[in-house]
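Here the structure comes first, spelled out in structure tokens, and everything after it is commentary.
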Amino acid sequence: MTLPHTVALSRLTAAPLVSPNFEALISIRPQLLQNCEDLPPYLLLPEVERLLMAAPNRHAAIIFNLLWQTGARINELLALNFDDIELLHGHDDGMMITLRTLKQRTGNNQKPQRGRPKRGLKREVGVWCPKLRHEIIEYKRTFKRSNDKPLLVNPQTKQPWSAQMVRNWFKEAASALEQQGQALPIDVSPHVLRHSYAIHLLLHHVDINTIKENLGHRSLKSTEVYTTIWKSERYYNLRNVPFRSALTTS
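Counting along the sequence shown from 1, when you hit position 167 you're at 334 in my numbering, and nothing is skipped either side.
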């Protein structure tokens, strides 16, 4: 089962929703990524839609959608309990998702640790997607997840899905799209969706401080790397400005 895409935007900080020219933005992306060293690889909405629809199973579909709509790091997402999700009523069926901000946790052996972060700053990210909200409720009911237990769990092992398994699902989805003649232009991963989320919010004029808070960045400098995307908009806006030149030749 796959979930249709929806756009998660802050209703309080976003400008009126006007769809960017994604075709133009896609065409100029290779030049931007080549010339702007700090700009990370990203997908744009039409490409993300294809990826979400190619999720290989129900678990992958929910994880892909949550990554896309929260900008979470993969370890933050896999640590979610159901009680980290506040279901809002009377607000277009939205949700507030509490993420424990953690770039990477390591144990004594310096290897990434799994499970729920014990400490760290928390942040709340609004998601406005009735279909995803409904699917999370049904997912909890189907797999009998307690409020205080990890939500995204392998039903066979009863353990949280590993980040590697999620990365394998991304490869599987990308391979399926390639076989269908709809190959994505970059290698996809959970972190690519995080970058894509940030770019998507910028393109819809969500203020950069909101994006910083949603991503869990300590410094605004970490968020500002995404603003290079505005170069593409400046390039294409100039195409619509009429100039008239009266040239003379001798």
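Where a beta carbon is used, it is the ideal one built from N, C-alpha and C, also for glycine. Owing to the predicted nature of the structure, the values given are computational and were not obtained by experimental measurement.
Quick one: what's got a C-beta closer than 6 Å to residue i's C-beta in the same chain, skipping five residues either side?
i	result
L370	P187
S337	The sequence shown places Phe at residue 337, rather than the Ser named in the question. Here the set comprises V355 and S356.
I303	none
Q349	R217
E339	P223
Return the CA-CA distance between residue i and residue j, expressed in angstroms with no decimal places.
i	j	result
G257	M263	13 Å
W397	P197	14 Å
L344	A191	22 Å
E291	F410	47 Å
N276	H367	With a pLDDT of only 49 at N276, under the threshold of 50, the placement of this residue in the model should not be trusted; the figure read from the coordinates follows. Distance between the alpha carbons of N276 and H367: 37 Å.
P327	H362	24 Å
A246	E253	16 Å
Y364	S412	42 Å
Y306	E214	26 Å
P171	L414	Because P171 carries a pLDDT of 43, less than 50, the predicted location of this residue cannot be relied on, and the following value inherits that uncertainty. Approximately 54 Å, taken between the alpha carbons.
V359	P208	6 Å
N465	W295	With the chain covering only 168 through 417, there is no way to say anything about residue 465.
L212	N202	22 Å
W235	L219	9 Å
H384	V373	16 Å
K352	S386	In the sequence under discussion, the amino acid at residue 352 is Pro, which differs from the Lys named in the question. Distance between the alpha carbons of P352 and S386: 30 Å.
A221	A341	8 Å
Q346	T395	32 Å
A330	N242	7 Å
K311	E204	46 Å
H226	T309	12 Å
A239	N321	20 Å
What are the boundary residues of the beta strand (DSSP E) that residue i is part of?
i	result
K289	K289 to V294
Which residues in the same chain have their Cβ closer than 8 Å to the Cβ of residue i, if we skip the five residues on either side of it in sequence?
i	result
E391	I375
S399	A191, L192, I195, R196 and L199
S467	Residue 467 falls outside the range modelled here, since the chain spans only 168 to 417, and no answer is possible.
I229	L170, L299, E302, I303, Y306 and L319
Which whole-angstrom value is the C-beta distance of residue i and residue j, which I expect to be below 8 Å?
i	j	result
L210	L199	Not a contact, Cβ separation roughly 13 Å.
L288	T268	4 Å
Run the proximity test for residue i: is its beta-carbon closer than 8 Å to any non-hydrogen atom belonging to the ligand GTP?
i	result
E302	Questions concerning the ligand GTP fall outside what the structure shown contains, since it holds no ligand whatsoever.
In the DSSP assignment, the alpha helix (DSSP H) including residue i goes from what residue to what residue?
i	result
W235	R225 to T237
L218	L212 to M220
T309	P297 to T309
C390	First, the amino acid is wrong: residue 390 is Thr here, not Cys. Here the alpha helix (DSSP H) through T390 covers L387 to E391.
Output yes if chain B places a C-beta closer than 9 Å to the C-beta of residue i; else output no.
i	result
R217	Here chain B cannot be found, since the structure has a single protein chain.
Please work out which residues of its chain come closer than 7 Å, Cβ to Cβ, to residue i, disregarding the five sequence neighbours upstream and downstream, and give them in chain order.
i	result
D315	N248 and D250
G261	L255, G293, V294 and W295
V333	I230, I241 and P357
- Taking only runs that begin and end inside the segment 241-273, name each unbroken beta strand (DSSP E) of 3 or more residues, in chain order. 252-254 and 262-267
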